[in-house]
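Chains as they are written, first to last, in our numbering: chain A, 1 to 266; chain B, 1001 to 1421.
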């Protein structure tokens, strides 16, 4: 199997409370992959750690067999829609163009080529006629499509999306699903954080079941079994969550201070 | 008044105010308005210490002192927020009051020596543009230009950091560097700004122009330009007043001018202004009245099975509406050919009938939705539907119809009237 993402022995804390315990899995290339689990199961934390937005206590993650920094231009990230203030003064085109920002063009003007790519991305999500619309005037589904257009404008090989189906209308859902199929046909990999079990089976080829620890990861036929779902959704592990509270309350470091787990390729 | 020196002071002051308001606009959008205020107050001890320890006449020393104090205050706030369990507002107040108290103490000590009076240190409290020496002015004006250029250079970075910092980090932008540059610019903007409005009122210069500008435009670039213009206009007013009246500080006048601009903006701006919003609410009120009238006539036709005409007296009797208001509603319906006036009263046109049918349909659909989806009792749903029938858009209507599977009757067994093709 060709690897897209590898998560190796990952433990991550939020406000010094562990939300992921020793999670370890590999994901294939060219598939639509769902990261599924109940609320508070560490799905978003996992994605943010892969994107380098949160520092793990231990373990590491790789994309295409490399540390994130070496492949950043091939990776695109779609944060949760609610994570930004949509009252920000910008129009749809402004936001999609942000997908063209790079470290090396930060001080340069936006080029014609950037605009062309952004326009194409808007066309793909059926929002071209909204290019000049203020983002504050968009519906939830339209906002989500703007975020996806921004991500398409990055022209990446792997897309990490955080809950893109939450609070969207039927038209947006259809548009996203069609896009996912197209992306898969182009050999792209899409990893989607998703909490709704009912639709997960129909959307994804491959599923990672999380609930603070890894429950299962594999093709959906293998993972979507009654036993595994029950394990993931059947409530938190009491001992694990008690221990987490204890670690947070007593500010106990998860590793000895001088312990350092080196990344093999850094 | 129009001597060349005054003109120079004037232009300089406008530049100072404009540049700090442009930097402040990003603080405003980030929702960090109070941090700027804290930094401004925290600059006071830095400025006074620079005066005591260094050469009091040299503005470069003052800028250096301000920069150090501002950075300590800024990182002090971040430290308190991250390492203690204090909330942001507590951390900000703590730093603000401690630094400012220390600054006032130093200021009193210097003033007792008589040196302070001579150097016009007081101007840092409330601003006194006319007291600035020409050399100081050149230095600060140069700094203001540096600020404006920096904002232009870092525009993309600041824009993305303010809107979506996680995304900026995800695409590999040097987030730490951009944040540090922004902090430095904020401290410098405050240093520059207090020359005209003083420490105490600095927050107004950082925030008010941006808040006013935001209500006029939804373009970030234009908003920055407008903030600068508003700040410059207010600075013009403050400087002229301060120069004309003896012993009059500049700061309060600039801040009053900004307040006036903000009030005008919040009242009169198109779309976002209070008056525009009132107008919209009024328009919705008329829409509600019109639709209720069409619904009334449609309901009568439904009962009678034929076209019904009603006089305005009959309508007044059936609806609790004043005759004046009703006349206005009738006039607007007639003007759009939704109603015709016949000798025996007002009757629906085809267009009006279709509109009345739509309102009745939405009413019944919503009642059905409430009972089916929210499990509400059939005798509780009418008042809600009375409101929603005016709000539901065609898109939402289509969703409801789809979700309920093209229903035929509402919870009271009245038919749901669809448009006949």
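Just so it is clear, CB atoms sit at the ideal spot from N, CA and C, and this is done for glycine as well. Quantities reported herein were computed from a predicted structural model and do not represent experimental measurements.
Test item: CB-CB of residue i and residue j under 8 Å
{"i": "residue 1140(B)", "j": "residue 1151(B)", "result": "no"}
{"i": "residue 184(A)", "j": "residue 32(A)", "result": "yes"}
{"i": "residue 35(A)", "j": "residue 193(A)", "result": "yes"}
{"i": "residue 1036(B)", "j": "residue 1066(B)", "result": "no"}
{"i": "residue 1014(B)", "j": "residue 1212(B)", "result": "no"}
{"i": "residue 1209(B)", "j": "residue 1033(B)", "result": "no"}
{"i": "residue 1227(B)", "j": "residue 1073(B)", "result": "no"}
{"i": "residue 38(A)", "j": "residue 201(A)", "result": "no"}
{"i": "residue 1185(B)", "j": "residue 1143(B)", "result": "no"}
{"i": "residue 103(A)", "j": "residue 1172(B)", "result": "yes"}
{"i": "residue 1254(B)", "j": "residue 1017(B)", "result": "yes"}
{"i": "residue 1048(B)", "j": "residue 1106(B)", "result": "yes"}
{"i": "residue 79(A)", "j": "residue 10(A)", "result": "no"}
{"i": "residue 135(A)", "j": "residue 95(A)", "result": "yes"}
{"i": "residue 147(A)", "j": "residue 81(A)", "result": "yes"}
{"i": "residue 1096(B)", "j": "residue 1038(B)", "result": "yes"}
{"i": "residue 1043(B)", "j": "residue 1263(B)", "result": "no"}
{"i": "residue 1294(B)", "j": "residue 1359(B)", "result": "yes"}
Residue i: first and last residue of the uninterrupted alpha helix (DSSP H) it sits in
{"i": "residue 233(A)", "result": "226 to 233"}
{"i": "residue 1135(B)", "result": "1134 to 1153"}
{"i": "residue 127(A)", "result": "From DSSP, residue 127(A) is part of no alpha helix (DSSP H); its letter is neither H nor E."}
{"i": "residue 1044(B)", "result": "1033 to 1053"}
{"i": "residue 201(A)", "result": "197 to 203"}
{"i": "residue 207(A)", "result": "No alpha helix (DSSP H) contains residue 207(A), which is instead part of the beta strand (DSSP E) from 206 to 211."}
{"i": "residue 1242(B)", "result": "1220 to 1244"}
{"i": "residue 1288(B)", "result": "1274 to 1304"}
{"i": "residue 176(A)", "result": "170 to 185"}
{"i": "residue 1075(B)", "result": "1059 to 1083"}
For residue i, three-class secondary structure by DSSP
{"i": "residue 1182(B)", "result": "helix"}
{"i": "residue 266(A)", "result": "Residue placement at residue 266(A) cannot be trusted, given a pLDDT of 49 that sits under 50; what the coordinates show is reported in the next sentence. Reduced to three states, the DSSP call for residue 266(A) is coil."}
{"i": "residue 1374(B)", "result": "coil"}
{"i": "residue 109(A)", "result": "coil"}
{"i": "residue 1347(B)", "result": "strand"}
{"i": "residue 1409(B)", "result": "strand"}
{"i": "residue 149(A)", "result": "helix"}
{"i": "residue 14(A)", "result": "strand"}
{"i": "residue 1310(B)", "result": "strand"}
{"i": "residue 139(A)", "result": "coil"}
{"i": "residue 1380(B)", "result": "helix"}
{"i": "residue 161(A)", "result": "strand"}
{"i": "residue 26(A)", "result": "strand"}
{"i": "residue 3(A)", "result": "strand"}
{"i": "residue 1005(B)", "result": "helix"}
{"i": "residue 83(A)", "result": "helix"}
Residue i to residue j span [Cα, whole Å]
{"i": "residue 1325(B)", "j": "residue 1285(B)", "result": "11 Å"}
{"i": "residue 159(A)", "j": "residue 145(A)", "result": "14 Å"}
{"i": "residue 12(A)", "j": "residue 1377(B)", "result": "48 Å"}
{"i": "residue 1201(B)", "j": "residue 1085(B)", "result": "29 Å"}
{"i": "residue 1174(B)", "j": "residue 1260(B)", "result": "39 Å"}
{"i": "residue 1149(B)", "j": "residue 1023(B)", "result": "11 Å"}
{"i": "residue 297(A)", "j": "residue 92(A)", "result": "In the structure as shown, chain A starts at 1 and stops at 266, and residue 297(A) therefore has no counterpart that could be examined."}
{"i": "residue 266(A)", "j": "residue 180(A)", "result": "In this predicted model, residue 266(A) has a pLDDT of only 49, less than 50, meaning its place in the structure is not dependable enough to derive any value."}
{"i": "residue 117(A)", "j": "residue 157(A)", "result": "16 Å"}
{"i": "residue 1077(B)", "j": "residue 1089(B)", "result": "10 Å"}
{"i": "residue 1401(B)", "j": "residue 1177(B)", "result": "53 Å"}
{"i": "residue 1338(B)", "j": "residue 175(A)", "result": "38 Å"}
{"i": "residue 1071(B)", "j": "residue 1198(B)", "result": "18 Å"}
{"i": "residue 115(A)", "j": "residue 106(A)", "result": "16 Å"}
{"i": "residue 1245(B)", "j": "residue 1133(B)", "result": "19 Å"}
{"i": "residue 1224(B)", "j": "residue 1276(B)", "result": "23 Å"}
{"i": "residue 68(A)", "j": "residue 228(A)", "result": "31 Å"}
{"i": "residue 1348(B)", "j": "residue 127(A)", "result": "39 Å"}
{"i": "residue 1206(B)", "j": "residue 1230(B)", "result": "11 Å"}
Residue nearest to residue i in terms of C-alpha spacing, selected from the options
{"i": "residue 1318(B)", "options": "1412(B), 1296(B), 1255(B)", "result": "1296(B)"}
{"i": "residue 140(A)", "options": "166(A), 129(A), 78(A)", "result": "166(A)"}
{"i": "residue 1249(B)", "options": "1125(B), 1271(B), 1334(B), 1344(B)", "result": "1125(B)"}
{"i": "residue 1363(B)", "options": "1088(B), 1329(B), 1417(B), 1346(B)", "result": "1417(B)"}
{"i": "residue 274(A)", "options": "138(A), 15(A), 151(A)", "result": "This structure does not reach residue 274(A), given that chain A is present from 1 up to 266, and the question cannot be answered."}
{"i": "residue 20(A)", "options": "173(A), 152(A), 58(A), 74(A)", "result": "58(A)"}
Residue i - containing beta strand (DSSP E), residue span
{"i": "residue 33(A)", "result": "32 to 36"}
{"i": "residue 63(A)", "result": "58 to 63"}
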